[in-house]
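Worksheet: the structure to be examined is printed underneath.
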Amino acid sequence: MRTTKKLSGAVFYTLIIILCILWLLPMVFVVLTSIKTNVEFYDNALLTLPASVNWANFITAARRGKVFLYMRNSLFVALFAVPLGILVQSMCAFAFARLDIWKSNGVFAFFLFGMMIPMQSLLIPVNIGMTKVGLVNTHIGLALVYIGIQIPFGIMVMRGAFRSIPVELDEAGRLDGCNNIQLFTRVLLPCAKPAMSTLVILQFLSCWNELLFSSLLVTKSSLRTVPVGLLTFFGEQGTEYPLLCAAVLEIVIPVLIVYLVFQRYFVEGMSGAVKG
Amino acid sequence: MLPALVIYLSIVVVPALYSLYLSFHRWRGGSSQKVFVGIGNYVQIFTQDSTFRIAIKNNLIWVVLTLIVTVSVALILALLLNKRFIGRTAVRGVLYFPYILSGVVIGMIWTWIYQPQYGLYNSIIKMINLESFKHSWLADPKTSFYAIYVAALWHNVGQPMVLFLAGLQAVPKELTEAAEIDGANRFQVFFRITIPQLKETMFIVYATQFISALKVYDIVKTMTNGGPAESTNTLATLMVRQTFDFANFGVGAAISWIMIAILLIVIIPYVSKMSKE
């Protein structure tokens, strides 16, 4: 019995290790390439270490690819869109979960339908609208679009999270003299931390990675966000893979930080989405 | 609630309805006249557009692959990770990691894995002396679409995996333990206890994966842009092509409403389930 258990343990770990290698291989490849010179890259077999680490790639990539400019732009959009978006979504979810509102389920369903609308179909109308109100080529305009797109999913997750908080907690709060706003900020929001962390990760990711709206609404090169900037850089550098890899690694850092900071609650927070 | 409603209406609902309006018109963009053509755009798409047929077939393949392969892989990974073992969080991080990269980055990395001369795939094949398996995956219309799918699998599988993990953690331990005491073997526990308990999660995973599979865009755009010879177009890439490359705004809008119509079929049960008490 014990030996079979040990054996299955070994099989299990081997399986896990193989999986990790498979999943990491492409990234290992990117990292190795980013520290090679262009000549080394085209000379050597792919998974070899270069003679010496060529840090200069990171500096050249950052300068030529204007990586920091694009990162600053994206960061601005994300810092505007993510907190504001989550606030708006949780307020709305609070109304659905706790307040008596007219046809609550119907209105909620109306919000959920937004999840099926392909973003591409919104491009032209949103562009026309944004031109009319003068928000083309502004980060605020782009951030508003991101908030709008995220609303259905955010509301769904937050509503699920609020509903899993026992109503007794509300009642206790009310006895202590909380009004609706205090109930929302002091009682429900702190309890919904895991769900909020999940939303922070997911919405930060989508702000950071969104390509379509960004390329259409922001045409001024100094205002470009990361994906558009990166695509331009790919176009310019074509075959200088080491430089491209260095740029890729640089832009991954901020998302990685957000992911690592908020991932503690990640799986737990998702349960808001699966329980409904 | 009001702010959410206002933003939602102005960014999503009204533009979507406007695109429905556009889909009944012929419009070349800019200041040119919008001509009302009724369902003309739809008729044209279904009867004359051969690329549309390719795109819808591709989308169908993509949806089937996603619902069968991606979801199964995600479930298997989640089951593996649901065990307690040293380094579990790290492994979970590794498997989820690709999901945080943007479609542009994924596209670049994988275009290059498949690159015939210097690419990772062909280099490994060379290393282990299997020259006959050498192939330019992306350049061959027969394989390019599947090649993109493999990249997408690597990219996306973390998402349903995390959903499954969240669902698995909600399965009460007592239930599986009781079954084990009653002499159920692992498979019985899995099929009789775990799967039924995961029903809700399954439902959500299938619905969200279906939606995103139908909308697939970024990765195709960056890896092949619909080529070679339009063979890898999906509805979303075709729609953008019609709109921006050919300035057929009406046709583009019509394609997007065809997508919405297909999605409606799935989303109606989904929404009615989610919004139930």
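For the record, the sequence lines run as chains A and B.
Mapping of the first sequence onto my numbering: position 9 corresponds to residue 9, and the numbering continues sequentially without gaps.
Mapping of the second sequence onto my numbering: position 12 corresponds to residue 288, and the numbering continues sequentially without gaps.
Backbone N, C-alpha and C fix where the C-beta goes; we use that ideal spot for every residue, glycine too.
These figures come from a predicted structure and were not determined experimentally.
Asked                                                                                                                                                        : Found
What does A:GLY209 touch in chain B if you count any residue whose Cβ is under 9 Å from its own?                                                             : The identity of residue 209 of chain A in the sequence shown is Asn, whereas the question assumes Gly. Residues of chain B passing the Cβ test: ILE376, LEU377, SER378, GLY379, VAL380, VAL381 and ASP494.
Only counting the same chain, and skipping five residues up and downstream in sequence, which positions put a Cβ closer than 6 Å to that of A:GLY276?        : Low per-residue confidence applies at A:GLY276: pLDDT is 43, beneath 50, and the placement is therefore not dependable, though the value from the model is reported in the following sentence. So the list reads GLY160, once near-sequence residues are dropped.
Compute the beta-carbon to beta-carbon distance between A:VAL267 and B:VAL438, rounded to the nearest angstrom, for a pair I have assumed lies under 8 Å.    : 6 Å
With DSSP collapsed to three states, give me the class of B:PHE312.                                                                                          : strand
Could you spell out where the alpha helix (DSSP H) holding A:GLN120 opens and where it closes?                                                               : 119-132
Counting along the chain, where does the alpha helix (DSSP H) carrying A:ASN209 start and finish?                                                            : 193-209
Note down the Cα distance separating B:GLU553 from A:THR225, rounded to an integer number of angstroms.                                                      : Only weak support exists for where B:GLU553 lies, its pLDDT of 46 falling under 50; the value from the coordinates is given anyway. Distance between the alpha carbons of B:GLU553 and A:THR225: 41 Å.
So, are the CB atoms of A:ALA109 and B:VAL547 less than 8 Å apart?                                                                                           : yes
With a 10 Å radius around its C-beta and 16 neighbouring C-beta atoms as the bar for buried, classify A:GLY141 as buried or exposed.                         : buried
Can you pull the chain B residues whose beta carbon is under 9 Å from the beta carbon of A:PRO227, in chain order?                                           : SER378, GLY379, VAL380, VAL381 and ASP494
Among B:SER532, B:ILE534, B:LYS549 and B:GLY526, which residue has its Cα nearest to the Cα of B:HIS301?                                                     : B:GLY526
Along chain A, which residues have their Cβ under 9 Å away from the Cβ of B:THR519?                                                                          : GLN120, LEU123 and ILE124
DSSP on B:HIS431, reduced to helix/strand/coil?                                                                                                              : helix
Out of B:ASN501, B:TRP303, B:LEU539 and B:GLY502, which has the shortest C-alpha to C-alpha gap to A:ILE124?                                                 : B:TRP303
Answer with yes or no whether the minimum CB distance from B:TYR636 to chain A is below 8 Å.                                                                 : With chain B running from 277 to 553 in the structure shown, residue 636 of chain B is simply not present.
Does the structure place the stretch 506-525 of chain B close enough to the stretch 342-350 of chain B that three or more beta carbon pairs sit under 8 Å?   : no
Would you say B:VAL339 faces chain A, with C-beta separation under 8 Å as the test?                                                                          : no
Check each residue of the stretch 103-117 of chain A: if its Cβ is closer than 7 Å to any Cβ of chain B, include it; give the result in chain order.         : ASN105, PHE108, ALA109, PHE111, LEU112, PHE113, GLY114, MET115, MET116 and ILE117
Ordered along the chain, which non-local residues of its own chain (more than five positions away) have a Cβ less than 6 Å from that of A:MET1?              : Any answer about A:MET1 is weak, because its pLDDT of 46 lies below 50 and its placement is not dependable; what the coordinates show is given next. Correct list: empty, nothing qualifies.
Taking 8 Å as the CB-CB cut-off, is B:PRO545 touching chain A?                                                                                               : no
Can you round the beta-carbon distance between A:SER197 and A:GLY269 to whole angstroms, since I take them to be within the 8 Å contact cut?                 : 5 Å
Can you list the residues of chain A that B:TRP413 reaches, using a CB-CB cut of under 7 Å?                                                                  : By Cβ distance, chain A contributes nothing, its closest Cβ being about 14 Å from B:TRP413, past 7 Å.
Tell me the DSSP secondary structure of A:HIS139 in three-state form.                                                                                        : helix
Is there a Cβ of chain B sitting closer than 8 Å to that of A:CYS191, yes or no?                                                                             : no
B:ARG302 by DSSP, collapsed to three states: which one?                                                                                                      : strand
Sort B:ILE457, B:THR452, B:LEU539 and B:VAL311 by Cα distance to B:VAL465 and report the nearest one.                                                        : B:THR452
Does the beta carbon of B:ALA350 come closer than 8 Å to any beta carbon on chain A?                                                                         : no
Under 8 Å between C-beta atoms, does A:VAL252 make it to chain B?                                                                                            : yes
When you compare the CB of A:PRO50 with every CB in chain B, is at least one pair closer than 8 Å?                                                           : no
If we cut at 8 Å on Cβ distances, does B:ALA442 have a partner in chain A?                                                                                   : yes
Please report the straight-line C-alpha distance between A:GLN263 and B:THR365, rounded to a whole angstrom.                                                 : 10 Å
Going along the chain, which residues of its own chain have a beta-carbon closer than 8 Å to the beta-carbon of B:THR513, five neighbours each way excluded? : ALA331, TYR493, VAL496, LYS497, ASN501 and GLY502
Please tell me whether A:VAL228 and A:SER206 are closer than 8 Å, where the distance is taken between their beta carbons.                                    : no
Could you give the C-beta distance for A:PRO152 and A:TYR265, rounded to a whole number, given that I count them as a contact under 8 Å?                     : Actually they are not in contact, since the Cβ atoms of A:PRO152 and A:TYR265 sit about 21 Å apart, beyond 8 Å.
Rounded to whole angstroms, what's the CA-CA distance from A:ARG163 to A:SER90? Just pull it up for me.                                                      : 12 Å
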